[in-house]
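Chains as they are written, first to last, in this note's numbering: chain A, 2 to 246; chain B, 4 to 314.
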Amino acid sequence: MSIHIEDITKKFARFPALHHVNFTIESGELVALLGPSGSGKTTLLRLIAGLEFPDKGRILFGDRDVTSQSAYQRKAGFVFQHYALFQHLSVFENIAFGLRVRKKSQRPPEPQIRARVEQLLETIQLTEFAKRLPSQLSGGQRQRVAFARALAIEPEVLLLDEPFGALDAKVRKELRHWLRRFHDTTHLTSLFVTHDQDEAFEVADRVVLIDKGEVQQIGTPDEVRDLPANSFVEEFLDLDGTVPV
Amino acid sequence: MAGAVTTFPAGTVAPPRATAESPLIKRLLVGVLLVFFGLFLVLPLLVVFHEAFAKGVQVFLKTFQDRATAHAVQLTLLTAAIVVPLNAIFGLFAAWAVTRFTFRGRSLLISLIDLPLWVSPVIGGLIYVLIFGRQGWLGPLFFPSQETLDSNFLARFLYDHDIKVIFAEPGIILATIFVTFPFVARGLIPLMQAQGHKEEEAAMTLGANGWQIFSRVTLPKIKWGLIYGLILCNARAMGEFGAVSVVSGHIRNKTNTMPLHIEILYNEYQFAAAFAVASVLSVLALLTLIIKTYAEWQTERQVREAAGTGG
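The structure is reproduced here in structure tokens:
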């Protein structure tokens, strides 16, 4: 499912603002939203998820205009920087949550829920941790549970807010590779926010550079590195006119 | 510390810690505290139970067979049964509003929630007398002249159905709501502030509606803070004297709650009966203390968890 951002403007009291943002994420792409803190990248992700609403502009999932839909109608898979797991629920119930809250007519029967959760536990390699509480897991394990929970509702798009931001360097690298492999097998349209250019360039098909609430450049990692669009991109990537290897 | 002292070279003295007191002072302070504690808390409590059973268990039990006493217990239970759920709802709304939204006057509202704790409970009662009493704003409705009765439909209705506020149960309930209002909100606000609302947002992106988010995510998160507030609210609702005294009128078998009844019994020299009722309130207080301590401990655990995992 493609995502179209059309002329999105948002003036916030609490979050950085956005001005006339336009871009499209093609179906099956993995795109990084890269920028310094305060650039508006998380604001944009929250707007796409339906956790905030734009002052102006439209957001489309495929042909479907979701601008006025709230988060629980859009059902975009969302992964938070600090996991936001339900502390009182087991790993299993955390992952099952999105299926259990469905309307009775759309809710899969119990055996099907179990099967789906078990399959996801296998994907994230935490089968033996099903009964644990989130507080009994490491950071990396928690983030994997958060992934599985977001994937359980079979979202058409996956949105990740600094998904590796709270993890140490080693786990970060592992999960980064894991995300890339996961995407290569599922081709789920994904957008992830990061302030780490290595992460963006290593994982993403395309990078959207954003600063002061405006898109500065869009392109593949190679394009951005070889032809920075302006001085912000140059400085942010610390290219300093040197020729990339 | 002892190990650290031995590492100093011979002939030097370990420098005293800035906060260290000599053992003598420490013992003295703890001793004073224990004496105070014994004299002002434990001893009176023991006296209550001693006096309650001074004339034997029979007399103690007979107290509660007395019609006026039984009615006082019932009215106290009824008041608590109405006030605690209402304040639970008010408290939840208040805590939700001030922790989830930023709006003009928010800090003022947080301060105002505490107002009933600052003012004398007597004022809490007087407010309602000034509104609903004979000389009050709405006095003509509740204490109507013949003229008002003929001309005012509402006054007629209230009169025909014998609905009163002052010197009646509604006044007692209103006054109790006023003095117990802060407890639930105060139990919840620090907890909800520490927890933030990322989990609620996560539930929303997973397709949960408002009620599902509240019942499956928020309520379990704030459970112990809520219980803590409810238990304090309940204890105060059952024990309140001042505010209720002003609006009640002390009508036996009608508007007498347990604390008011204790005073009446005592003034009538029925000491054993007075202390028997008092002992029931004391047991309630002790139970409250135990549950409160446990709830506090659980709340701290939830706050720690929220902090440890970034909510």
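Using N, Cα and C, we set each Cβ at its ideal position, and we do this for glycine too.
- Across the region 192 to 206 of chain B, CB contacts with chain A closer than 8 Å involve Lys201, Glu202, Glu204, Ala205, Ala206, in sequence order along the chain.
- The C-beta distance from A:Phe193 to A:Ala33 rounds to 6 Å, short enough to fall under 8 Å.
- Against B:Val306, chain A offers no close residue; the least beta-carbon distance is about 11 Å (beta-carbon pairs closer than 7 Å).
- The straight-line gap separating the alpha-carbon atoms of B:Val249 and B:Thr79 is approximately 16 Å.
- Interface criterion not met: the Cβ of B:Ala75 is under 8 Å from no Cβ in chain A.
- In this structure, B:Gly210 places its C-beta atom within 8 Å of the C-beta atom of A:Arg103.
- Annotation note: the region 160 to 240 of chain A contains the following uninterrupted alpha helix (DSSP H) runs of length 4 or greater, listed N- to C-terminal: 170 to 187, 198 to 204, 222 to 227, 232 to 237.
- The region 7 to 69 of chain A contains, as complete beta strand (DSSP E) runs of 3+ residues, the segments 19 to 26, 31 to 35, 57 to 62 (chain order).
- For B:Ala246, same chain residues with a beta-carbon under 6 Å away, outside a window of 5 residues either side, are Pro124, Gly127, Gly128, Ala178, Val182 in chain order.
- For A:Ala230, the CB contacts under 7 Å within the same chain, skipping 5 residues up- and downstream, are Gln217, Gln218 in chain order.
- Taking 8 Å as the cut-off, the beta carbon of B:Leu287 is found closer than this to the beta carbon of B:Met241.
- At a cut-off of 8 Å between beta carbons, A:Ser38 makes no contact with chain B.
- Straight-line spacing of the CA atoms in B:Phe170 and B:Asp153 works out to 24 Å.
- Within a 10 Å sphere around the beta-carbon of B:Thr105 sit fewer than 16 other beta-carbons, which makes this residue exposed.
- Membership of B:Val76 in the alpha helix (DSSP H) is indicated by the continuous run 70 to 103.
- Counting only the Cα atoms, A:His178 lies some 10 Å from A:Val172.
- Within the same chain, Cβ atoms closer than 7 Å to the Cβ of A:Gln198 are found at Leu35, Leu238, the five residues on either side in sequence being excluded.
- One thing to note: B:Lys167 has its Cβ no nearer than 8 Å to the Cβ of B:Leu235.
- Within 8 Å of the CB of A:Phe93, no CB atom of chain B is found; the nearest one sits about 15 Å away.
- In this structure, DSSP gives B:Val168 a state outside helix and strand, which the three-state scheme calls coil.
- Look at the region 209 to 223 of chain B: the residues with a C-beta under 9 Å from a C-beta of chain A are Leu209, Gly210, Ala211, Asn212, Gly213, Gln215, Ile216, Arg219, Val220, Pro223.
- Distances from the CA of B:Thr302 to each of B:Phe135, B:Asn256, B:Leu161, B:Gly232 were compared; the closest alpha carbon is that of B:Gly232.
- The beta carbon of A:Ile154 falls within 8 Å of a beta carbon belonging to chain B, placing the residue at that interface.
- Per DSSP, reduced to three states, the secondary structure at B:His53 is helical.
- Residue burial annotation: B:Trp140 is exposed, with fewer than 16 other C-beta atoms found within 10 angstroms of its C-beta.
- Residue nearest to A:Asp185 within the set A:Ser28, A:Ile4, A:Asp8 is A:Ser28 (criterion: CA-CA distance).
- If you ignore the 5 residues before and after B:Gly228, its C-beta comes within less than 6 Å of the C-beta of Gly190, Leu191, Leu194, Thr302, all in its own chain and listed in chain order.
- Annotation: A:Thr128 to A:Glu203 spans about 29 Å, alpha carbon to alpha carbon.
- Assignment of beta-bridge partners to B:Ile176 by DSSP yields no partner.
- Leaving aside the five residues that flank B:Gly252 on each side, the residues in its chain whose CB is nearer than 6 Å to its CB run, in chain order, Phe170, Thr258.
- Residue pairing of A:His5 in beta bridges, as defined by DSSP: A:Thr25, A:Leu61.
- For A:Phe233, there are no neighbours in chain B by C-beta distance under 8 Å, as the nearest C-beta there is about 30 Å away.
- Within the region 83 to 121 of chain A, the runs of alpha helix (DSSP H) that reach at least 4 residues and sit entirely inside it are, in chain order, 92 to 101.
- For A:Arg133, the closest C-alpha among the options A:Val118, A:Ser91, A:Phe98 is that of A:Ser91.
- If you check the CB distance, A:Phe62 and A:Leu160 do not come in under 8 Å.
- In the structure shown, B:Val38 adopts helical secondary structure according to DSSP, grouped into three states.
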